[in-house]
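Below is one structure, written out as C-alpha cells, with a few remarks after it.
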Ligand SMILES: Nc1ncnc2c1ncn2[C@@H]1O[C@H](COP(=O)(O)OP(=O)(O)O)[C@@H](O)[C@H]1O
Ligand SMILES: [Mg+2]
C-alpha cells in the first residue's frame with residue numbers, strides 16, 4: 016500500500032476557551048485513513064473522539080479553536096479551503112452519522128425531504144431521480160415499504176429505523192469517507208449488532224472508508240482494519256487491529272483490553288474494562304504523559320516529554336515503555 | 014391532518030356554545046335586568062312594563078332559546094342607547110378593530126421575528142443587546158404614553174400623519190405602530206430564544222453535515238421549528254389587541270369595538286355588551302383555532318393530538 020491515504024491528519028489540536036482559561040480538549044492527534052478501510056477510534060467518554068470527528072468536517076461549534084500541522088482529504092488541504100468549498104465536500108464526499116438517531120432528524124420534515132436534500136444540493140438532478148435513489152438506499156439499509164416511509168415523519172419511526180435512515184442519508188452522494196460517531200450507543204443491543212453489520216456490508220459493497228467511533232470493543236475486534244485509542248484528548252496508540260489486540264503496546268490500551276480475550280471471541284455489547292483513577296484536568300498547560308497518574312508502569316521520566324514513537328509494523332505509541340511483540 | 018382539523022373545529026364550536034350560554038346567563042342572573050334598564054328613579058309600573066316589553070317575564074329557558082336562535086341569525090336586538098340594531102352597530106365598528114388588530118400583529122411579526130433571528134445568530138453582540146434593551150423598554154412603556162409620544166412627534170411636530178380619526182390608511186399608521194410595538198418585545202424574545210434552542214439541536218448539525226448553505230440551515234431547518242411557539246403567542250396577542258385596544262382607540266379617536274364596548278358598558282346598554290362579549294369570544298376562538306391549525310401544519314407531531 017503505497018498510495019496516498021484518503022484522509023490524513025497531523026497534529027490536530029482543539030482548544031475550548033472557558034472564560035479566561037483554555038481547555039486543551041484534543042492535543043497532537045495524527046492519523047490516516049486509506050480508501051475502503053475501517054478505522055475504529057476507541058476511548059472512554061470525554062476523551063475527545065467526537066470533537067476530533069467534528070473537526071474533520073469543520074463542524075465544531077464556533078468558539079472552539081481547531082489547529083493542525085496538516086489535514087488533507089484526497090489531496091485537498093482541509094485547513095486552507097474556504098467554507099464554501101468545504102460545504103461542497105460535506106454530505107457529498109465526506110458524510111457523517113451521529114450518536115443520537117432520535118434527535119438527529121428534523122421533526123418538521125418528512126424522511127423523503129431530508130433524504131433527498133443532500134443529493135439535490137450536490138448533484139445536478141431532478142426531484143424524481145433523488146426520490147428514486149432515496150428509496151433504493153432505504154431498501155438497501157433494510158427498510159421495508161420504503162415508498163411509504165418516504166412520506167413519514169421522524170416521530171413515526173423507531174430509533175433503529177431512524178439510524179438506518181441516517182445511514183441511507185449519509186450514503187446518498189456515495190461518499191468516499193463515512194464518519195460514524197457512536198452510531199449504535201443509543202440503540203438496543205440487538206439493533207446495535209444489525210446496524211454495525213449493515214455498515215460493514217455496505218462498506219464491502221461500496222468501498223467507502225469508515226471512521227467508526229465506538230465504545231464497543233467487541234465490534235472493534237470484528238470490523239476494524241485499524242484502531243486508534245484515545246485517552247484524555249491524545250491518541251495514545253494506533254495501528255492495525257490484529258497486532259494491536261494481540262499485544263497492546265500502551266499501558267492504557269492494555270487496561271482497556273483486559274476483559275477482551277481474543278478478537279472474534281468477544282460478544283458485541285461488552286463494556287470497556289475499568290482502570291482505577293481519574294482523568295487529569297486538561298485546563299491550563301498539559302505536559303508529560305496524561306496517563307501517568309493511573310499507569311502501573313509510570314516513572315519519573317513520564318512527567319517529561321513523551322513523544323509518539325513508531326512501534327513494530329505500522330504501529331505508533333505515545334509511551335516511553337511501549338511493550339509487546341514488535 | 015384533515016381529521017385533526019375537523020376535530021379542532023368541533024371543539025371550537027363546543028367552546029363557542031359554552032361561551033354563549035355563559036354570556037347569556039351571567040347577564041340574566043346577575044340581577045334584575047328590568048330594574049337596571051329602567052334606571053334607579055323609575056316606578057314599579059314602569060319596571061313591570063319594561064319587563065313585558067323586553068320579554069323578561071317569560072321563563073329563562075324560553076328567553077335563552079329565543080336569544081340563541083336570533084343570535085345564530087346575527088340578530089341581537091336593538092341597542093338601548095343608540096337607536097340602531099346591535100348588528101348594524103357592531104358591523105360598523107368591527108372593520109376598524111379587525112384592521113387595527115390585524116395590521117398591528119402583522120407589523121409586530123414583521124419587525125420582531127427578523128430581529129429575534131438576528132439577535133440569536135449574533136448572540137451576545139451589540140445587536141443582541143440592543144434588541145434586548147429595546148424590548149425591555151417596549152414592555153415597560155405604558156401604551157397610551159407611547160401613543161401620545163408618536164402623535165407628538167409625527168403629527169404635531171413633523172405634521173406627517175394625522176393625529177386622530179380613521180378616514181384613510183394614513184390615519185391607521187400611528188395606531189398600528191403604537192399597538193404593534195406593544196406586542197413586539199414578547200415575540201422578539203420568544204423568537205430569539207427559540208432560535209437559540211433550535212440552533213443547538215442535533216438536527217441542525219445534521220443539516221450542516223449535509224453541506225447545506227447557511228441560509229437553508231437557518232430558514233428551512235431552524236426557523237420553521239423556532240416559530241412554532243411564536244404562533245401560539247401571536248394568537249393570544251391578537252386576542253388582546255382585538256379586545257383590549259380601547260386605550261389606543263381612545264387616543265386616536267377610532268370608533269372600533271373597544272370604544273363601543275366602553276360606551277355600552279358605561280350606559281348599561283346590555284344587548285350591545287352581550288353581543289360584543291360574544292363576538293370577541295368567538296373571534297378569540299377562531300384565532301386560537303387558526304393558530305392550532307397553523308401549528309399542526311408546521312409541526313407534524315401535533316397532528317395526532
Ligand atoms: N462545546 C463544548 N464546550 C465545552 N466543552 C466541550 C464541548 N464539546 C466537548 N467538550 C469537552 O471536550 C471533551 C471531549 O469531548 P468529546 O469529544 O465529546 O468526547 P467523546 O466523544 O470522546 O466522549 C470533554 O471533556 C467535553 O466535556
Ligand atoms: Mg462522543
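Residue numbers (our numbering), protein chains in the order written: chain A, 16 to 341; chain B, 14 to 318.
Yeah, the Cβ is synthetic: ideal placement off N, Cα and C, and Gly gets one too.
Quiz item: Does residue 303 of chain B have its Cβ less than 8 Å from a Cβ in chain A?
Solution: Answer no: the Cβ-Cβ gap between residue 303 of chain B and chain A never drops below 8 Å.
Quiz item: In three-state terms, what does DSSP make of residue 28 of chain A?
Solution: Residue state, collapsed to three classes: strand.
Quiz prompt | Local conformation of residue 84 of chain A per DSSP, three classes | solution = coil
Quiz item: So, residue 52 of chain A versus residue 241 of chain A, is the Cβ gap smaller than 8 Å?
Solution: yes
Practice problem: Compute the beta-carbon to beta-carbon distance between residue 288 of chain B and residue 89 of chain B, rounded to the nearest angstrom, for a pair I have assumed lies under 8 Å. | Solution: 4 Å
Practice problem: Would you list, in sequence order, the uninterrupted beta strand (DSSP E) runs of no fewer than 3 residues that lie entirely inside the stretch 98-144 of chain B? | Solution: Taking only runs of at least 3 residues, no beta strand (DSSP E) segment lies wholly in the stretch 98-144 of chain B.
Self-check item: residue 132 of chain B and residue 205 of chain B closer than 8 Å at C-beta
Solution: yes
Quiz item: Roughly how many angstroms lie between the CA atoms of residue 225 of chain B and residue 103 of chain A, to the nearest whole one?
Solution: Straight across, the Cα-Cα distance linking residue 225 of chain B with residue 103 of chain A is about 8 Å.
Exercise. Using a Cβ-Cβ cut-off of 8 Å, state whether residue 74 of chain A counts as contacting chain B.
Key: yes
Quiz item: Beta carbon of residue 208 of chain A: closer than 7 Å to some heavy atom of ligand 1?
Solution: Distances between the C-beta of residue 208 of chain A and the heavy atoms of ligand 1 are all 7 Å or more.
Quiz prompt | Interface partners of residue 111 of chain A on chain B, CB under 7 Å | solution = Within chain B, the residues near residue 111 of chain A are 222.
Quiz item: Is any beta-carbon of chain A found at less than 8 Å from that of residue 270 of chain B?
Solution: no
Exercise. Could you have a look at residue 187 of chain A and say whether DSSP puts it in helix, strand or coil?
Key: coil
Quiz prompt | Neighbour flag for residue 225 of chain B against chain A, beta carbons, 8 Å | solution = yes
Exercise. Leaving aside the five residues before and after residue 120 of chain B along the sequence, list all residues of the same chain whose C-beta is less than 7 Å from its C-beta, in chain order.
Key: 189, 190 and 193
Quiz item: By DSSP, does residue 168 of chain A sit in helix, in strand, or in coil?
Solution: The answer is coil: DSSP assigns residue 168 of chain A none of H, G, I, E or B.
Practice problem: Indicate whether at least one CB of chain A lies closer than 8 Å to the CB of residue 218 of chain B. | Solution: yes
Practice problem: Taking 5 Å as the limit, tell me which residues put their C-beta closer than that to any heavy atom of ligand 1, in chain order. | Solution: A:31, A:40, A:60, A:61, A:62, A:63, A:64, A:65, A:66 and A:76
Quiz item: Considering only the beta carbon of each residue, do residue 208 of chain B and residue 239 of chain B sit closer than 8 Å?
Solution: yes
Practice problem: Would you mind telling me which residues of chain A sit closer than 9 Å to residue 239 of chain B, beta carbon to beta carbon, in chain order? | Solution: Going along chain A, no residue has its Cβ under 9 Å from residue 239 of chain B, so there is no contact; the nearest lies around 10 Å.
Exercise. Establish whether the CB of residue 242 of chain B and some CB of chain A are separated by less than 8 Å.
Key: No, because no Cβ of chain A sits closer than 8 Å to the Cβ of residue 242 of chain B.
Quiz item: So, is the C-beta of residue 215 of chain B closer than 8 Å to a C-beta in chain A?
Solution: yes
Quiz item: Contact between the stretch 225-240 of chain A and the stretch 147-161 of chain A: three or more CB pairs below 8 Å?
Solution: no
Practice problem: Report yes or no: do three or more beta-carbon pairs, one from the stretch 217-225 of chain A and one from the stretch 129-143 of chain A, lie closer than 8 Å? | Solution: no
Quiz item: Three or more C-beta pairs closer than 8 Å, one from the stretch 175-186 of chain A and one from the stretch 90-98 of chain A: is that the case here?
Solution: no
Quiz item: Leaving out five residues before and five after residue 109 of chain B in sequence, what residues of the same chain have Cβ atoms less than 7 Å from its Cβ?
Solution: These residues qualify, in order along the chain: 179, 267, 268 and 269.
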